[in-house]
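Student: A single structure is presented below for examination.
There are 2 protein chains.
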Amino acid sequence: MVSFFFYPKTIAVIGATNNPKKFGNAVTINILKNKNLQSEVFLVSHKSQEIAGLKCYKSILEILKDVDIAIILVPARVIDEVIDQCIEKKVKGIIIITAGFGEINEEGKKKEHEISAKCEEAGIRIMGPNCVGIQNLDIGLNASFIQTAPPGDIGMISQSGSFGCASFYAMEREYIGCSKFANIGNNIDVSFNEILEFFNSDESTRIICIYMETIENGKKFLKSIKKIVLEKPIVVLKGGRTSLGMKAASSHTGSIATDYKMLKTYIKQAGAVLCENTNDFITALKTFSYLPIPKGERIGVLTNSGGSSVLFSDKAEEFNLKLTEFSDGFKEKVSPYLIPLVKLVNPLDMIGGADETTYYNITKMMLEDPNIDIVVACVVIPPFLEMKSDEHYRGIIHAWNDTGREKLLIPLIMFGEEFKSLRDHSRREKATIFFTPHDAAFAIKLLIDRMKIINNFYSI
Amino acid sequence: MVSFFFYPKTIAVIGATNNPKKFGNAVTINILKNKNLQSEVFLVSHKSQEIAGLKCYKSILEILKDVDIAIILVPARVIDEVIDQCIEKKVKGIIIITAGFGEINEEGKKKEHEISAKCEEAGIRIMGPNCVGIQNLDIGLNASFIQTAPPGDIGMISQSGSFGCASFYAMEREYIGCSKFANIGNNIDVSFNEILEFFNSDESTRIICIYMETIENGKKFLKSIKKIVLEKPIVVLKGGRTSLGMKAASSHTGSIATDYKMLKTYIKQAGAVLCENTNDFITALKTFSYLPIPKGERIGVLTNSGGSSVLFSDKAEEFNLKLTEFSDGFKEKVSPYLIPLVKLVNPLDMIGGADETTYYNITKMMLEDPNIDIVVACVVIPPFLEMKSDEHYRGIIHAWNDTGREKLLIPLIMFGEEFKSLRDHSRREKATIFFTPHDAAFAIKLLIDRMKIINNFYSI
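Which chain is which? The protein sequence lines are L and E, in order.
Heads up, the first sequence is in our numbering, so the first residue is 1 and it goes up one at a time.
Heads up, the second sequence is in our numbering, so the first residue is 1 and it goes up one at a time.
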């Protein structure tokens with residue numbers, strides 16, 4: 001198992017430095033920033049005596065205690081010596097952050113083989129090289145040179161460190177975050193599959209996401225996801241889906257080509273969510289972070305904007321979703337709460353004057369209706385009639401709360417990204433918002449697919 | 001011509017009110033808010049004597065001056081009287097904001113026919129009913145009950161008022177805006193085509209966008225866009241592309257079904273951009289607002305993040321774009337400015353340490369390279385090595401400015417939406433940013449298509 005990488009009792013940073021323009025400084029500072037970190041940290045530096053108040057060792061061999069993981073940041077040309085010392089020191093695992101190996105040329109690939117052979121013999125596991133490091137948010141460990149991920153329940157494996165870094169920005173925006181993060185770069189030893197298995201067993205990881213450019217042991221990978229998806233959703237984004245992308249990927253991590261069409265079929269069959277772009281990737285993560293799995297497929301839509309419900313309906317059909325017919329009972333029930341202009345059809349267009357109370361009432365009646373499994377509440381924020389920009393959303397979430405959040409509720413607030421009061425309310429309520437019809441419909445599709453995976457399995 | 005609607009010397013608001021919970025108040029306030037508006041405004045109200053310091057008339061017939069446009073907000077049940085008075089007053093045009101006509105039932109459709117027949121006989125043009133109104137940003141006229149659009153050079157025709165309203169939020173976020181806006185609702189008289197022709201002749205409109213749910217005179221519409229696209233790009237989003245969407249649209253504006261597949265083929269042949277979702281719609285508008293048309297198709301990519309350039313390359317292939325091979329001369333030229341780890345291939349991955357100066361130098365060399373027509377500068381904002389969050393973007397735009405902005409430059413800053421310094425710089429520089437590989441590649445595709453439309457026409 002690779003879990004010890006994420007729960008080290010002792011860490012040595014080899015190549016620590018006081019120079020803030022070096023990655024060896026960034027990693028050191030990221031680790032030391034958390035004053036509550038229980039892991040003991042040792043710094044190894046040729047030049048510095050002390051960094052951030054901590055004494056430096058000239059070599060890992062000078063450290064008296066056992067070292068669980070060694071994080072290596074020295075230049076590629078001097079790595080041999082450092083690896084040999086790690087072997088002598090009998091560390092459990094090494095994270096090689098240093099770049100300039102297999103992704104560069106054949107010589108680099110040869111060097112990788114040498115290192116992995118040596119370490120394998122010594123029983124030492126390796127992450128990297130050419131990676132940004134790992135993070136375990138549960139214990140406050142940021143053993144990487146990128147920013148600490150926002151905390152949450154997503155376990156992320158990324159073959160690109162910078163894609164991880166960028167995803168953290170997007171996660172922060174969506175109020176979602178990571179339990180664990182691993183960038184395994186050229187992955188010469190520890191594989192996707194091992195980390196995947198670890199995330200599966202990890203209690204604080206509820207959702208798993210993967211950015212990958214290549215996959216070494218496809219069969220094992222597919223077998224793993226097939227098993228894991230029954231417990232946790234898995235969201236995959238593949239870089240190098242096309243020949244241009246694959247060419248770029250091969251110069252990035254030395255990846256070899258994968259037949260994407262075939263992989264796609266297999267991954268979908270295995271039950272993971274395969275995203276075709278970065279937007280869908282983040283949408284999938286926010287969907288699984290915030291929303292319950294529906295108990296059926298029948299959708300009811302309410303709106304104050306005809307245009308937005310038309311656009312949602314188009315996307316609904318594209319994703320093969322089903323809008324229900326309202327029952328006579330439902331029509332009778334809602335009618336007194338709506339102005340006479342409103343036609344009692346699905347989508348229910350309550351027209352621009354619908355306010356917080358109307359949204360509350362109608363959302364609640366839909367959530368309580370036995371013929372509706374999923375409620376989509378569309379809003380275009382009205383800049384008129386003295387309405388508050390967040391009142392419709394407040395009404396919607398209030399109704400969701402009052403019905404115990406049992407049904408799937410999708411707030412679709414067209415182009416509402418910039419309304420701070422709205423986002424603040426969303427954060428406070430631990431609810432989410434979709435800002436385009438595509439994202440709203442995609443989220444529903446994902447959750448219906450997930451419902452089917454789970455139902456099919458447990459009905460066998 | 002319908003231009004007089006947008007340049008009225010005199011306006012009467014019929015159904016003005018002091019009650020801030022009524023649309024008649026919203027329209028009145030929106031018009032009067034602009035103290036510099038040259039149009040003379042008259043308010044007609046049954047109940048109020050004075051609104052916002054302006055005297056009210058009991059009827060349009062009491063107004064002594066000629067009235068160019070009458071904006072009607074009275075309830076549908078009393079509209080006949082008001083229309084008759086407008087005819088007697090010999091107004092040039094009427095904007096019927098009131099809803100509850102053809103979109104509701106057959107009786108409403110009949111009423112629409114009556115009104116349009118009467119007005120046609122009297123030579124009076126009608127916009128609406130069931131619309132939010134119109135705006136002319138050039139003269140500061142907001143004759144609608146939605147917020148004033150951010151100013152810019154987009155002429156927008158929207159069949160859904162609320163979609164217009166929502167788009168303004170998105171435009172504001174992207175620092176783009178409107179020259180003119182028209183929501184024609186059930187369009188019983190003034191048509192898309194007429195407004196389209198007006199926007200074509202309008203000097204302050206450089207880009208035209210359309211949200212439509214139905215199209216009445218398809219042939220004329222296609223003929224118009226075929227002609228106009230040679231001068232101005234036209235971006236179309238169609239609501240009711242699917243049968244579910246069409247069903248929703250028919251209850252929204254009483255639209256009748258259009259065969260979307262056929263329309264799609266025709267619109268594309270005519271040279272307009274047809275968007276499949278709201279995200280692409282806004283991306284297209286920002287692309288045409290900010291970026292020059294390239295002179296060729298050869299793309300050069302630079303990046304500090306392998307992952308982001310891999311993802312961009314995938315999207316590039318999906319959109320049939322071409323990454324160029326770097327010439328030996330180019331490689332020689334850039335080599336001294338890059339660290340030895342960097343492989344001199346396209347995409348050019350300068351690795352995480354690349355800073356403002358590196359971005360400036362390499363972007364500039366690509367912009368100056370005769371074998372490159374389009375430069376894509378990918379960035380993942382590094383949270384390390386004391387880099388500033390906007391420095392890479394600054395370097396990129398600096399290089400663009402120093403080369404006279406002659407070539408197409410696409411800044412792709414992965415998930416960088418929330419960096420205020422970045423957006424501020426973008427606004428100041430009148431440059432733009434794309435935040436996902438999809439949007440960046442889509443923008444390039446649009447501009448290459450536009451290049452071809454223009455080249456094909458002028459080469460004949």
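All C-beta atoms, glycine included, are put in the ideal place defined by N, C-alpha and C.
(1) For Thr-324(L), which residues from the same chain have a beta carbon less than 7 Å from its beta carbon, with the 5 sequence-adjacent residues on both sides left out?
(2) Is the stretch 19-38 of chain E in contact with the stretch 138-148 of chain E, if contact means three or more CB pairs nearer than 8 Å?
(3) Based on the DSSP secondary-structure assignment, which residues constitute the bridge partners of Tyr-57(L)?
(4) I'd like to know whether the C-beta of Asn-277(E) is nearer than 9 Å to at least one C-beta of chain L.
(5) Count the CB pairs spanning the stretch 92-105 of chain E and the stretch 126-141 of chain E that are closer than 8 Å, and state whether there are at least three.
(6) Assign Gln-38(L) to buried or exposed, taking buried as 16 or more other Cβ atoms, counted over all protein chains shown, within 10 Å of its Cβ.
(7) Consider the Cβ of Ile-159(L): report whether some Cβ of chain E lies at a distance smaller than 9 Å.
(8) Might you give, ordered along the chain, the residues of its own chain that have their beta carbon closer than 6 Å to the beta carbon of Pro-8(E), omitting 5 neighbours on each side?
(9) Extract the residue ranges of the beta strand (DSSP E) inside the stretch 59-98 of chain E, only unbroken runs of 3 or more that lie entirely within it.
(10) Determine the DSSP secondary structure at Asn-186(E), reduced to helix, strand or coil.
(11) Using 9 Å as the limit for Cβ to Cβ distance, is Asn-304(L) near chain E?
(12) Interface residues of chain L around Gly-352(E) at Cβ under 7 Å?
(13) Closer than 7 Å by C-beta to Gln-85(L): which residues in its own chain qualify, once you throw out the five before and the five after it? Chain order, please.
(14) So, using beta-carbon positions, are Lys-430(E) and Asp-402(E) closer together than 9 Å?
(15) When we look at the beta-carbon of Ser-465(E) and count the other beta-carbons within 10 Å, is it buried (16 or more) or exposed?
(16) Please list, in chain order, the chain L residues whose beta carbon lies closer than 8 Å to that of Val-418(E).
(17) If the cut is a Cβ gap below 7 Å, which residues of chain L does Glu-386(E) touch?
(18) In terms of DSSP beta bridges, what is Leu-144(E) paired with?
(19) Which ranges would you report for the alpha helix (DSSP H) in the stretch 309-350 of chain L if only whole runs of at least 4 residues count?
(20) Could you tell me which uninterrupted beta strand (DSSP E) segments, each at least 3 residues in length, are contained entirely in the stretch 158-222 of chain E, listed from first to last along the chain?
(21) Out of Leu-446(L), Gly-352(L), Leu-422(L), Lys-388(L), state which residue places its alpha-carbon closest to the alpha-carbon of Ser-162(E).
(22) Got a sec: which bits of the stretch 129-150 of chain L sit with their beta carbon under 7 Å from any beta carbon on chain E, in order along the chain?
(23) Looking only at its own chain, which residues have a Cβ that is under 6 Å from the Cβ of Leu-32(L), when we skip the five neighbours before and after it?
(24) Applying a beta-carbon distance threshold of less than 8 Å, which residues of chain E neighbour Tyr-211(L)?
(25) Measuring only between beta-carbons, confirm whether Met-414(E) sits less than 9 Å from chain L.
(26) With a cut-off of 9 Å, does the C-beta of Glu-317(L) fall near any C-beta of chain E?
(27) Output, in chain order, the set of chain L residues within a Cβ distance shorter than 8 Å of Ile-219(E).
(28) Taking only beta-carbon positions, decide if Lys-247(L) is within less than 9 Å of chain E.
(29) Mind checking Gln-135(L): buried by the 16 CB within 10 Å criterion, or exposed?
(30) What three-state label does DSSP hand Phe-434(L) in the structure shown?
(31) Going along chain E, which residues have a C-beta under 7 Å from Arg-241(L)?
(32) Check each candidate in Ser-116(E), Cys-131(E), Glu-112(E) and name the one with the smallest Cα separation from Thr-98(E).
(33) Can you say whether Leu-466(E) is buried or exposed, counting buried as having 16 or more other CB atoms within 10 angstroms of its CB?
(34) Please confirm whether Ala-26(L) has its beta-carbon closer than 9 Å to some beta-carbon of chain E.
(35) Is Thr-436(L) closer than 9 Å to Leu-378(L) when the C-beta atoms are compared?
(36) For Thr-436(L), would you say it is in contact with chain E, using Cβ-to-Cβ distances shorter than 9 Å as the test?
Tutor: Concretely, from the data shown:
(1) Here the set comprises Arg-298, Ile-299, Gly-300, Asn-346, Asn-371, Ile-372.
(2) Here the stretch 19-38 of chain E makes contact with the stretch 138-148 of chain E; the two share three or more CB pairs at distances below 8 Å.
(3) Val-44(L).
(4) Closer than 9 Å to some Cβ of chain L, the Cβ of Asn-277(E) qualifies, so yes.
(5) Touching, yes.
(6) Flag for Gln-38(L) reads exposed.
(7) It should be pointed out that residue 159(L) corresponds to Gln in this sequence rather than to Ile. Cβ-Cβ to chain E under 9 Å: yes for Gln-159(L).
(8) So the list reads Ser-39, Asp-68, Ile-69, once near-sequence residues are dropped.
(9) List check, beta strand (DSSP E) in window: 69-72, 93-96.
(10) Coil at Asn-186(E), not helix or strand.
(11) Closer than 9 Å to some Cβ of chain E, the Cβ of Asn-304(L) qualifies, so yes.
(12) The contacting residues are Ser-162.
(13) Only Ser-59, Ile-60, Leu-61 meet the Cβ criterion.
(14) No, the Cβ-Cβ distance between Lys-430(E) and Asp-402(E) is not below 9 Å.
(15) Given that chain E is displayed from residue 1 to residue 460, the structure contains no residue 465(E) and the question cannot be resolved.
(16) For the sequence presented, residue 418(E) should be read as Glu rather than Val. Residues of chain L with a Cβ closer than 8 Å to the Cβ of Glu-418(E) are, in chain order, Tyr-169, Glu-172, Arg-173.
(17) Per Cβ cutoff of 7 Å: Pro-20, Lys-21.
(18) For the record, residue 144(E) in the displayed sequence is Ser; it is not Leu. Answer is Gly-133(E), bridged to Ser-144(E).
(19) Complete alpha helix (DSSP H) runs here, min 4: 328-334.
(20) Whole beta strand (DSSP E) segments, 3+ residues: 178-183, 207-212.
(21) Selected option, being the one with the closest Cα: Gly-352(L).
(22) Listed by position, the residues of the stretch 129-150 of chain L near chain E (Cβ gap below 7 Å) are Phe-145, Ile-146, Gln-147.
(23) Around Leu-32(L): Ala-52.
(24) Within chain E, the residues near Tyr-211(L) are Gly-307.
(25) Judged by the 9 Å Cβ criterion, Met-414(E) is in contact with chain L.
(26) With 9 Å as the cut-off, Glu-317(L) counts as an interface residue toward chain E.
(27) Checking the displayed sequence, the identity of residue 219(E) turns out to be Lys instead of Ile. For the C-beta of Lys-219(E), not a single chain L residue is nearer than 8 Å; the gap to the nearest is close to 24 Å.
(28) Yes, because at least one Cβ of chain E sits closer than 9 Å to the Cβ of Lys-247(L).
(29) Result: buried.
(30) Shown here, Phe-434(L) sits in a strand according to DSSP, grouped into three states.
(31) In chain order: Asp-314.
(32) Considering only alpha carbons, the answer is Cys-131(E).
(33) The shown model of chain E, from 1 to 460, leaves out residue 466(E), and the question about it has no answer.
(34) Put simply, the CB of Ala-26(L) is near chain E, with a gap under 9 Å to one of its CB atoms.
(35) According to the sequence displayed, residue 378(L) carries Cys and not Leu. The Cβ atoms of Cys-378(L) and Thr-436(L) lie no closer than 9 Å to each other.
(36) Interface flag for Thr-436(L) against chain E is set, since a Cβ pair is found closer than 9 Å.
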